[in-house]
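So the mapping is simple: our numbering equals the position in the sequence shown, first residue as 1, plus 6.
Each residue gets a CB set at the ideal place from its N, CA and C atoms; glycine is no exception.
See structure below.
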Amino acid sequence: MQTNLFPTSSQAEIEHNYMHAKDAYARIGVDADAAIAKALQIPISLHCWQGDDVGGFEVKEGAVDSGGIMATGNFPGRASNGDELRQDLEQVMKLLPGVQRVNLHAFYAETDGKFVSRDALEPKHFSRWMEWAKQRKIGLDFNPTFFAHPKAADGFTLSHRDDGIRKFWVRHGIACRKIAAAMAKELGQPCIINHWIPDGAKDHPADRWSPRARLTQSLDEMLAEKLPGCVDAVESKLFGIGSEDYVVGSFEYYSHYALTRSVLFCLDMGHFHPTETIHDKLSALLQFHKTLLLHVSRPIRWDSDHVVIFNDDLRAVFLELARGHAFDRAVVALDFFDASINRIAAYVIGARATRKAMLYALLDPSEGLRELETTGRNAQKLARIEEMKTMPFGAVWDMLCLKAGVPAASAWIPEVEQYQTTTLAKR
Ligand code: RNT
Ligand code: ZN
Numbered sequence: 007m008q009t010n011l012f013p014t015s016s017q018a019e020i021e022h023n024y025m026h027a028k029d030a031y032a033r034i035g036v037d038a039d040a041a042i043a044k045a046l047q048i049p050i051s052l053h054c055w056q057g058d059d060v061g062g063f064e065v066k067e068g069a070v071d072s073g074g075i076m077a078t079g080n081f082p083g084r085a086s087n088g089d090e091l092r093q094d095l096e097q098v099m100k101l102l103p104g105v106q107r108v109n110l111h112a113f114y115a116e117t118d119g120k121f122v123s124r125d126a127l128e129p130k131h132f133s134r135w136m137e138w139a140k141q142r143k144i145g146l147d148f149n150p151t152f153f154a155h156p157k158a159a160d161g162f163t164l165s166h167r168d169d170g171i172r173k174f175w176v177r178h179g180i181a182c183r184k185i186a187a188a189m190a191k192e193l194g195q196p197c198i199i200n201h202w203i204p205d206g207a208k209d210h211p212a213d214r215w216s217p218r219a220r221l222t223q224s225l226d227e228m229l230a231e232k233l234p235g236c237v238d239a240v241e242s243k244l245f246g247i248g249s250e251d252y253v254v255g256s257f258e259y260y261s262h263y264a265l266t267r268s269v270l271f272c273l274d275m276g277h278f279h280p281t282e283t284i285h286d287k288l289s290a291l292l293q294f295h296k297t298l299l300l301h302v303s304r305p306i307r308w309d310s311d312h313v314v315i316f317n318d319d320l321r322a323v324f325l326e327l328a329r330g331h332a333f334d335r336a337v338v339a340l341d342f343f344d345a346s347i348n349r350i351a352a353y354v355i356g357a358r359a360t361r362k363a364m365l366y367a368l369l370d371p372s373e374g375l376r377e378l379e380t381t382g383r384n385a386q387k388l389a390r391i392e393e394m395k396t397m398p399f400g401a402v403w404d405m406l407c408l409k410a411g412v413p414a415a416s417a418w419i420p421e422v423e424q425y426q427t428t429t430l431a432k433r
């Protein structure tokens with residue numbers, strides 16, 4: 007017998023299962039309706055770069071290095087221009103419940119085949135993206151591209167010892183901040199602009215000090231002007247390909263920079279030691295930082311940017327936000343890229359896993375658990391946490407999908423297979 011691994015449930019089935027699930031959660035004091043409503047409202051910023059393996063569409067100045075990040079694989083159907091990428095993102099968003107934003111990088115500028123230097127980019131080079139977002143009522147986020155460029159070839163940008171190169175990247179950052187402000191204005195909502203630089207050294211630097219001093223100078227120059235709607239973030243990293251020994255913008259560096267300059271600090275789940283997780287850092291950082299930007303990613307043995315799945319690490323991050331009532335103090339953006347599988351499915355798996363983890367966290371009986379803890383019933387607390395894992399969570403997730411008008415469970419997969427045949431296979 008042929009089995010179908012991606013069956014569809016009827017609305018009646020979903021409603022029936024939910025009725026029982028809702029009751030099971032209500033018995034432990036959790037309001038499943040409220041959890042669904044809240045989980046649907048939290049924006050997830052969808053990174054455009056999974057769609058084309060972090061390639062960008064700019065007219066290039068010559069062969070360039072990847073800048074310490076790498077998408078591996080060559081699955082057919084990669085988007086190779088703005089129209090294809092927007093078409094792909096539309097397909098993706100049809101399958102995602104809840105509020106979505108789209109996160110762009112500067113090298114996705116559309117310049118009609120003309121070379122435009124990165125320090126000369128203007129809002130008009132993103133007018134198609136802005137029009138598209140406006141029509142679809144979605145917000146845009148932005149990133150300067152401090153990599154994949156001849157002036158980043160030796161691994162340094164904003165912290166470069168050559169003042170000409172350093173200033174070029176400062177100008178790029180400023181140009182990008184103006185683009186972010188234009189996006190915010192056009193779309194009537196703030197645009198988060200995240201600054202990640204690859205700067206670092208492969209092997210023991212004799213001077214760890216000067217690049218950090220220059221980075222501070224560069225960032226201060228770049229961020230000097232207040233631009234309405236442009237919300238800046240700085241992203242730390244432990245190591246990269248070619249910067250195994252030293253990264254200028256380390257965790258401590260950017261945490262303190264962000265705090266002293268009142269910008270957002272960005273934590274990427276893959277930017278730490280191989281087994282280090284970020285959930286325990288949130289309640290510590292949020293004692294001092296007002297808001298954090300989270301790059302939701304999945305490292306396997308290194309910062310490999312695998313597609314995000316509904317795993318312990320992801321759940322732990324959102325459980326922390328739920329338990330600290332801190333969902334409004336964290337901005338959630340995806341950051342992964344796998345070129346070895348269908349890219350639409352990669353997006354959908356990662357984005358749905360993230361929304362699932364939010365829902366899971368909002369179904370946590372946090373008050374009750376805290377009560378068990380304060381009364382010394384720690385075995386009961388552990389038991390309750392363990393039992394949460396086999397609660398009828400899937401039925402609540404399916405209801406969330408039904409409410410959002412997107413396929414429940416695995417019913418989205420046939421649609422992606424269809425898109426593969428009708429669209430991707432023809433590219
Ligand atoms: C790189 C950072 C950064 C990039 C994107 C493309 O290690 O995680 O966020 O992945 O800017
Ligand atoms: Zn990142």
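Within the same chain, and ignoring the five residues on either side of residue 13 in sequence, no residue has its Cβ closer than 6 Å to its Cβ.
Between residue 113 and residue 312, the alpha-carbon positions lie close to 22 Å from each other. Assigned with DSSP and collapsed to three states, residue 308 falls in strand. Short note on residue 243: C-beta closer than 7 Å to some heavy atom of ligand 1. Between the alpha carbons of residue 84 and residue 425 lies a gap of roughly 13 Å. For residue 201, the shortest C-beta to heavy atom distance toward ligand 2 is 7 Å or greater.
With a cutoff of 8 Å on beta-carbon distance, residue 15 and residue 404 are scored as near each other. Sequence-distant partners of residue 186 (beyond 5 residues in either direction) whose C-beta falls short of 6 Å from its own C-beta, in its chain, are 148, 197, 199, 236. At the C-beta level, residue 397 and residue 370 stay beyond 8 Å of one another. DSSP lists 253 as the beta-bridge partner residues of residue 206.
Sequence-distant Cβ neighbours of residue 227 in its own chain, meaning closer than 6 Å and more than five residues away, are 176. For residue 284, the three-state secondary structure derived from DSSP is coil. Within the model, the alpha-carbon separation for residue 34 versus residue 100 is close to 34 Å. In the structure shown, the three-state DSSP call for residue 195 is coil.
Rounded to whole angstroms, the gap between the alpha carbons of residue 400 and residue 364 is 13 Å.
Here the C-alpha atom of residue 344 lies approximately 46 Å from the C-alpha atom of residue 381. Our two residues, residue 79 and residue 44, have alpha carbons roughly 37 Å apart in a direct line. For residue 75, the shortest separation between its Cβ and any heavy atom of ligand 1 lies below 7 Å.
Set against 7 Å, the gap from the CB of residue 274 to the closest heavy atom of ligand 2 is smaller. For residue 209, same chain residues with a beta-carbon under 8 Å away, outside a window of 5 residues either side, are 250, 251 in chain order. In this structure, the CA atom of residue 384 is about 32 Å from the CA atom of residue 338. With respect to the 8 Å criterion, residue 152 and residue 204 are classified as neighbours on the basis of their beta carbons. Secondary structure of residue 72 (DSSP, three-state): coil. With a threshold of 16 other beta carbon atoms within 10 Å, residue 22 falls short and is exposed.
Here residue 328 is not near residue 265, since their CB atoms are 8 Å or more apart. By the CB criterion at 8 Å, residue 300 and residue 336 fall inside the cutoff.
Residues 302, 303, 304, 320, 340, 342, 356, 359, 360 of the same chain have their beta carbon placed closer than 7 Å to that of residue 314, with the five preceding and five following residues left out of the count. Residue pairing by DSSP puts residue 145 in a beta bridge opposite 107. Listed in chain order, the non-local C-beta contacts of residue 279 below 8 Å within the same chain comprise 244, local neighbours out to five positions each way being set aside. Collapsing the DSSP output to three states places residue 10 in coil. By the C-beta density criterion, residue 163 is buried, having at least 16 other C-beta atoms within 10 angstroms. In this structure, the CA atom of residue 310 is about 26 Å from the CA atom of residue 289. Bounds of the beta strand (DSSP E) holding residue 236 are 236–241.
Residue pairing by DSSP places residue 200 opposite 239 in a beta bridge. Relative to ligand 1, the beta carbon of residue 175 is positioned no closer than 7 Å to any heavy atom.
In the DSSP assignment, no residue is bridged to residue 318.
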